[in-house]
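Residue numbers (the UniProt record's numbering): 1 to 234.
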């Protein structure tokens, strides 16, 4: 059975990453969190006091920073490393969430990250989640899923995630942040957030993570079976 690319796109806090990780683990595929990569760039720019509008300095930073993923043997999750140092918890802070959409809209940033993501997925056998995987990074992905959920549900989920990490953020602030990010992501000129024509829609407002994972796995199974039938019949 051939390896394929599974592209999971959609809005923030719909369960994309959790679902993608579980699907990758079930299939024995590599998991690539593209959103973490943009968060890593955002963290680097903030820590080096680089103005997002100072494009020459931003481009220089893109040549200097080095983003990789390292598997945590204890938790089993892939963690983002920035210049060789694990920064997974740092990139999940609210201050990064408040700025990441402004950074990801910069064409030079998107071009650099897309090139790296395409290199990572060149051998197939990967699950990627993000905003433009099925439309820009891997428009030829065999399985494309676009996830959505109502903003209040997403905000509650995000608030719980932050609380676990010791950040207590008012729900209204999170809703405002999500709405702002949705607008920036959907209206940017470079690789806007949109559902690919051949992506299946998955509304996660009222379903569990297990149900989300099962939905994607069923789609994968259907695609692989169809591919096998085609191969058998020449």
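Note that beta-carbon positions come from the ideal geometry of N, C-alpha and C, so glycine has one too.
Boundaries (first-last residue) of the alpha helix (DSSP H) holding residue i
i: residue 57; result: 55-64
i: residue 88; result: 88-91
i: residue 221; result: 209-232
i: residue 183; result: 171-187
i: residue 96; result: 94-97
Range covered by the beta strand (DSSP E) that runs through residue i
i: residue 31; result: 30-33
Cut-off 8 Å between Cβ atoms - residues of its own chain near residue i, not counting five sequence neighbours on either side
i: residue 135; result: 9, 191, 194, 196
i: residue 186; result: 192, 193, 194
i: residue 47; result: none
i: residue 223; result: 4, 142, 143
Own chain residues within Cβ distance below 7 Å of residue i, not counting five before or after
i: residue 31; result: 20, 21, 24, 78, 127
i: residue 181; result: 12, 101
i: residue 125; result: 3, 29, 30
i: residue 90; result: 43
Per DSSP, the bridge partner or partners of residue i
i: residue 70; result: 79
i: residue 201; result: 146
i: residue 126; result: 5, 30
i: residue 10; result: 147
i: residue 103; result: According to DSSP, which records beta bridges pairwise, residue 103 is partnered with nothing at all.
i: residue 85; result: 82
Own chain partners of residue i with C-beta closer than 6 Å, once the 5 adjacent residues on each side are dropped
i: residue 146; result: 9, 10, 195, 199, 201
i: residue 13; result: 154, 157, 158
i: residue 212; result: 15, 19, 204
Short Cβ contact (7 Å threshold) for residue i with residue j
i: residue 35; j: residue 130; result: yes
i: residue 39; j: residue 50; result: no
i: residue 15; j: residue 209; result: yes
i: residue 99; j: residue 177; result: no
i: residue 85; j: residue 52; result: no
i: residue 7; j: residue 227; result: no
i: residue 59; j: residue 108; result: yes
i: residue 80; j: residue 88; result: yes
Candidates the options, of which the one nearest residue i by Cα
i: residue 105; options: 216, 16, 189; result: 189
i: residue 67; options: 206, 112, 214; result: 112
i: residue 132; options: 62, 220, 33, 163; result: 33
i: residue 175; options: 151, 165, 97; result: 151
i: residue 65; options: 116, 72, 29; result: 116
i: residue 63; options: 179, 224, 45, 223; result: 45
i: residue 110; options: 95, 217, 84, 137; result: 137
i: residue 26; options: 228, 230, 217; result: 217
i: residue 95; options: 123, 54, 167; result: 167
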